Amino acid sequence: MKPEEILPELLLNNTTYKISAGRRAKADAIIRAQFTCRRGCPKKEYLRCKLIRGHKRLMRQIKKNIKPEKTLNKFDSNNQVGRENWNLLVQCSIESRAEIEAWSKTEAGPLTDGKSKRKDNADDTCKSFNMKFCQWYFSPLPIRKSYYYYTELLFAEFSPEILNDKFEFNCCNEDQHSLECYQKWAHMKKYINTFLIEDLELEPWFPDRQVVPRLPNILEGNMFELIYNQIKSLSKQENSDTAISDEAKTIFTQDISTVEEVKQASSEGSAFKHYKAII
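full-length UniProt numbering applies: residue 1 is where the sequence shown begins, and numbers increase by one.
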């Protein structure tokens, strides 16, 4: 399995693997094709438009000390990951106040935005969220830094149901989400915070100190049961003492020796602690 094909979010967020522009474009199309909206799969320009407008709106909300409760930017203020990334976004806005304020204005965009406030000559202004405009928008390092924490905020609640509602496209048409849905959204996060920027021939900003990120809700509650059941189904039922398959190890991303080891940790109510201990 190639590094960019490994699905769990822990590996997606920590890989240093680089892919060529051609293969990245293919990965881009494959990732977007996993989702559906009213007109097929979400288009590249649709995502750029949604994310840039959302980022600009959030920067204006930070300036006004307004915590978003609607649209793409909404997040649960009781969610610790959400609060941490909100505070980091506020810090970014303070550190680069002039640049953040200038870029957050509605008229600092293509001709489709901020028409009533536009005073300059529009001849040199991009007419859409095309490559030229997006390269200009993400060219300042402070904007890319702020955008990184913005994407972390968007995915703070790693729930397919919540993410479907936020982004207004769907990972599946089923009543209940599966592990595959979490995998799709892990890929989409990688696309949004990495491939989207690299596609503009720019370097994505990441914190200098790369550590294993806080585990998302993917291993809490029902999601742990989902993964555990997936491991059980991949293992030989008649011999639970044998090592789990390589595929199951990939899903769990750690070298847990047996299914019974996970089962015992789960029955003792310490599965999450057990997982954290081995990473």
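We treat Cβ as the ideally placed atom computed from N, Cα and C, and that holds for glycine.
Here the structure is a predicted model, which means the values were calculated and not measured.
Practice item. Specify the secondary structure class of cysteine 172 as computed by DSSP and reduced to three states. Key: Here cysteine 172 sits in coil by DSSP.
Exercise for review: Report the residue from His177, Leu141, Ala156 whose alpha carbon sits nearest the alpha carbon of arginine 83.
Suggested key: Closest by alpha carbon: Ala156.
Check your understanding: If you run the structure through DSSP and keep just helix, strand and coil, what is threonine 194?
Key -> Annotated three-state conformation of threonine 194 is helix, per DSSP.
Practice item. Tell me, please, whether the stretch 127-139 touches the stretch 184-194 by the rule of three or more beta-carbon pairs shorter than 8 angstroms. Key: Short answer: they don't touch.
Review point. Is it buried or exposed for asparagine 87, if we count other Cβ within 10 angstroms and need 16 for buried?
Key: Burial call: exposed.
**Study point:** Cβ pair tyrosine 147, asparagine 85 closer than 8 angstroms
**Key:** For the pair tyrosine 147 and asparagine 85, the CB atoms are not nearer than the 8 angstroms cut-off.
Practice item. For serine 77, count neighbouring C-beta atoms within 10 Å of its own C-beta (all shown protein chains included) and say buried if the count is 16 or more, exposed if not. Key: A residue is called buried once 16 or more other Cβ atoms fall within 10 Å of its Cβ, and serine 77, having fewer, is exposed.
Check your understanding: From phenylalanine 35 to proline 42, what does the alpha carbon distance come to, in whole angstroms?
Key -> Cα-Cα distance, rounded: 7 angstroms.
Check your understanding: Who are glycine 40's beta bridge partners in DSSP?
Key -> Listed as beta-bridge partners of glycine 40 by DSSP are Cys37.
Exercise for review: Count the other CB atoms, across all protein chains shown, that sit within 10 Å of the CB of lysine 50; report buried if there are 16 or more and exposed otherwise.
Suggested key: By the 10 Å Cβ count, lysine 50 comes out buried.
Review point. Skipping 5 residues on each side, what residues in its chain have a beta carbon closer than 8 angstroms to that of serine 139?
Key: Within the same chain, serine 139 has close Cβ partners Leu202.
Exercise for review: Pick helix, strand or coil for asparagine 164, following the three-state DSSP scheme.
Suggested key: Note: asparagine 164 maps to helix in three-state DSSP.
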